[in-house]
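I have placed the structure first, in the form of structure tokens, so that the comments after it can refer back to it.
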Amino acid sequence: DGGITQSPKYLFRKEGQNVTLSCEQNLNHDAMYWYRQDPGQGLRLIYYSQIVNDFQKGDIAEGYSVSREKKESFPLTVTSAQKNPTAFYLCASSNRGRKETQYFGPGTRLLVL
Amino acid sequence: QKEVEQNSGPLSVPEGAIASLNCTYSDRGSQSFFWYRQYSGKSPELIMFIYSNGDKEDGRFTAQLNKASQYVSLLIRDSQPSDSATYLCASGGGGFKTIFGAGTRLFVKA
């Protein structure tokens, strides 16, 4: 089955700790994205990548880092510099193009202990 | 600042009625428009996309686009309680950044 997987489903972070959220896709999509969603809010773009070994900051990149070493994978690290990390994190992917449609993974809920 | 605006709701309709969800966007360069449905605690799932002015129908769903007015809508016919969710409108095509609205909560009463 083609799709996007995210792990873990729930993640607990201790203060001062870096944590990494996994995102894998087997849709052969070139572009991948990370969004943050807070309760009752819309999606805010953290980082996006159009191609392997290249990525750009979104609207709220501070306190986050990413890598894109493989086409299928786009992990997100929430660093200790992110002071308010509690949120629902969504990974998405799409083909490249001006009418690209994004498809989402199931999400990771990050909670701070 | 490119924006997509939606009424947060909740929009409440009786079962079997037509639900009408609306959205406006600020970027005239947008070329593609999307409607996603998001159930509580779940990720968004694509319902429809539309690129051209006019109507596009898919089953009980109809998307409407008016580029002159920068307005997109989604009609859900014969609404069911299972349609109760938050509906996200999004615009794209001005690069690789799709802009999402905050969503409209729909509640279909049985």
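Residue numbers (this note's numbering), protein chains in the order written: chain A, -4 to 108; chain B, 3 to 112. Cβ atoms here follow ideal geometry from the backbone N, Cα and C, with glycine treated the same way.
**Message:** Per DSSP, what are the beta-bridge partners of S17/A in this structure?
**Reply:** The residue labelled residue 17/A in the question sits at position 22 within the first sequence. S2/A, per the DSSP bridge assignment.
**Request:** Report back the beta-carbon spacing between T81/A and L105/A to the nearest angstrom; my notes put them in contact at under 8 Å.
**Result:** Here residue 81/A refers to the residue found at position 86 when the first sequence is read from its first residue. Here residue 105/A refers to the residue found at position 110 when the first sequence is read from its first residue. Contact flag correct, Cβ pair sits at about 6 Å.
**Prompt:** Do A92/B and L108/B have their CB atoms nearer than 8 Å?
**Reply:** As a first step, residue 92/B must be located in the second sequence, where it is residue number 90. As a first step, residue 108/B must be located in the second sequence, where it is residue number 106. It is not a contact, given that the beta carbons lie outside the stated cut-off.
**Prompt:** Helix, strand or coil: which one does DSSP assign to D80/B?
**Reply:** Sequence index remark: in the second sequence, residue 80/B carries index 78 (1-based). D80/B falls in the coil class under three-state DSSP.
**Under 8 Å from the C-beta of S14/B: neighbouring residues of chain A** = Translated into the one-based positions of the second sequence, residue 14/B becomes position 12. Ordered by position in chain A, no residue passes the 8 Å Cβ test against S14/B, which lies about 17 Å from the chain.
**Message:** What does the Cβ neighbour count give for Y30/A, buried or exposed, with the cut at 16 atoms within 10 Å?
**Reply:** Counting from one through the first sequence, the residue named residue 30/A turns up at place 35. Per the 10 Å Cβ criterion, buried.
**Asked** Do S89/A and A26/A have their CB atoms nearer than 8 Å?
**Response** Position 94 of the first sequence holds residue 89/A. Position 31 of the first sequence holds residue 26/A. In contact: S89/A and A26/A (Cβ atoms closer than 8 Å).
**Item:** Terminal residues of the beta strand (DSSP E) in which L22/B lies
**Value:** Counted from its first residue, the second sequence places residue 22/B at position 20. A small fix is needed here, since residue 22/B is Ser in this sequence, not Leu. First-last of the beta strand (DSSP E) with S22/B: 21 to 27.
**Message:** Can you give me the C-alpha to C-alpha distance between G100/A and D80/B, rounded to a whole angstrom?
**Reply:** By one-based count along the first sequence, residue 100/A stands at place 105. By one-based count along the second sequence, residue 80/B stands at place 78. The straight-line gap from Cα to Cα measures roughly 29 Å.
**Asked** Within 8 Å (strictly less), CB to CB, does T128/B reach chain A?
**Response** Outside the shown range of chain B (3 to 112) lies residue 128/B, about which nothing can therefore be said.
**Request:** Mind listing the chain A neighbours of G56/B? Cutoff is C-beta to C-beta under 7 Å, in chain order.
**Result:** The sequence position of residue 56/B within the second sequence is 54, counting from 1. Correct list: empty, because the minimum Cβ distance to chain A is about 16 Å.
**Prompt:** Between Q12/A and the rest of its own chain, which residues show a CB-CB distance below 8 Å, the 5 nearest in sequence each way excluded?
**Reply:** In the first sequence, residue 12/A corresponds to position 17, counting from 1. The answer, listed in chain order, is S75.
**Asked** With 8 Å set as the bound, which would you pick, yes or no: does the beta-carbon of L48/B sit closer than that to a beta-carbon of chain A?
**Response** Walking along the second sequence from the start, residue 48/B turns up at place 46. Judged by the 8 Å Cβ criterion, L48/B is in contact with chain A.
**Prompt:** What distance in whole Å lies between the Cβ atoms of Y28/A and Q77/A, which are believed to be in contact at a cut-off of 8 Å?
**Reply:** Within the first sequence, residue 77/A is the residue found at index 82, counting from 1. Within the first sequence, residue 28/A is the residue found at index 33, counting from 1. Not quite, the Cβ-Cβ distance comes to about 18 Å (not below 8 Å), so this is no contact.
**Message:** In whole angstroms, give me the CA-to-CA distance for L77/B and A87/A.
**Reply:** What you label residue 77/B is simply residue 75 of the second sequence in a count that begins at 1. What you label residue 87/A is simply residue 92 of the first sequence in a count that begins at 1. In a straight line, the C-alpha of L77/B is about 25 Å away from that of A87/A.
**Endpoints, beta strand (DSSP E) assigned at D49/A** = Position 54 of the first sequence, counted from the start, is the residue given in the question as residue 49/A. That run of the beta strand (DSSP E) goes 49 to 52.
**Request:** Could you work out which residues of chain A lie near L4/B, taking near to mean beta carbons separated by less than 7 Å?
**Result:** One-based indexing of the second sequence puts residue 4/B at position 2. Going by the sequence as given, residue 4/B is Lys instead of Leu. Here the premise fails: no neighbours, minimum Cβ distance about 10 Å.
**Proximal residues to V47/A (C-beta, below 8 Å), its chain only, five neighbours per side dropped** = Here residue 47/A refers to the residue found at position 52 when the first sequence is read from its first residue. Within the same chain, V47/A has close Cβ partners R63, E64, K65, K66.
**Item:** Neighbour flag for K99/B against chain A, beta carbons, 8 Å
**Value:** As a position in the second sequence, residue 99/B is number 97, starting the count at 1. Yes, contact with chain A.
**Asked** Is the beta carbon of V73/A sitting closer than 8 Å to the one on R8/A?
**Response** As a first step, residue 73/A is located in the first sequence; it is residue number 78 there, counting from the start. As a first step, residue 8/A is located in the first sequence; it is residue number 13 there, counting from the start. Yes.
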